[in-house]
Structures are given as structure tokens and as C-alpha cells.
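Numbering (the UniProt record's numbering), first residue to last: 1 to 137.
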């Protein structure tokens, strides 16, 4: 599985990458603009991301706006439902508005920070992206 982790905070990107590496190849982006560029570049190279784990609150282009841009790109390029990248939003905020907006823009799941391996594993299983039980690194 090819994973893009998007967060403006280095420490959170690092923790997410160390957590998600057991599921596949991880890449990181520091902003919404970087995420969109990485997403488009991966498609153009013929090796698109399977999963994007993205922070909701980022400066400039936040996670919800970035998700909207990704879904617009997919629509413009005729990417069908089965081929769309799975997007899991990450947040430390309990904002009901951010939660509802994330789903209305097309995210598949929402995880509250701090997250742990079990939460991620449960979400990936629900999305059909993880078939195994947790195993130590």
C-alpha cells in the first residue's frame, strides 16, 4: 500500500510515518499544496496513493480544502469510486463542523489525535485495506 501522510507538524508526521510504515510505503507532505502536488504527481507517474492520512487543521490550505481539491481532481480525470484514494482525516479538535465537512467532502474516516496503532488498524480494516491482525514491528 502507498500512503501519503499530510501534517504541518514535524513530530506528528514522524509519529504517523513510524506507525504506518508497517502497512506500506509512506511519503509525507507538510501542507495541503504539497499534498495535492504529491497526489497529482503519483497519478501522473502511474503509481497513485492508496491512502492519505491528513490533518484537518493546517495553515494556508487546511485538510478539508485539500480533500476538496483532491476529489475535484479525481472527478476531472474520471477516477471512479473504486479507484479513488481513501482519505482518513486526523484531528485534535472536537469540532462537529470539521467532522461533518470532512465527510461531506468525501473522506472515508476520521481519527481523533492522539491516535494509536489500534485505532489506525481498526479504521484500515473497516476500509478493507488491512486484513491482518496487529503484529509487532
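Glycine residues also receive a C-beta, built at the ideal position from the N, C-alpha and C atoms.
Model, not experiment: these values are computed from the prediction.
Check, Outcome
"Outcome for residue 93 when other beta-carbon atoms lying within 10 angstroms are tallied against a minimum of 16", "exposed"
"C-beta contact flag for residue 144 and residue 2 at 8 Å", "Outside the displayed span of the chain (1 to 137) sits residue 144, for which this structure offers no information."
"Residue 6 vs residue 66 beta-carbon contact at 8 Å", "yes"
"Distance between residue 90 and residue 112 (C-alpha atoms, nearest Å)", "6 Å"
"Outcome for residue 95 when other beta-carbon atoms lying within 10 angstroms are tallied against a minimum of 16", "exposed"
"Local Cβ density within 10 Å of residue 70, reported as buried at 16 or more and exposed below that", "buried"
"Residue 135 versus residue 38: straight-line alpha-carbon distance, rounded", "Annotation note: pLDDT 48 at residue 135 (below 50); position unreliable, coordinate value reported separately. The alpha-carbon atoms of residue 135 and residue 38 are separated by roughly 29 Å."
"Same chain only: Cβ atoms within 7 Å of residue 148, ignoring 5 sequence neighbours per side", "Absent from the structure is residue 148, since the part of the chain shown begins at 1 and ends at 137."
"Own chain residues within Cβ distance below 6 Å of residue 101, not counting five before or after", "64"
"Own chain residues within Cβ distance below 7 Å of residue 17, not counting five before or after", "5, 26 and 28"
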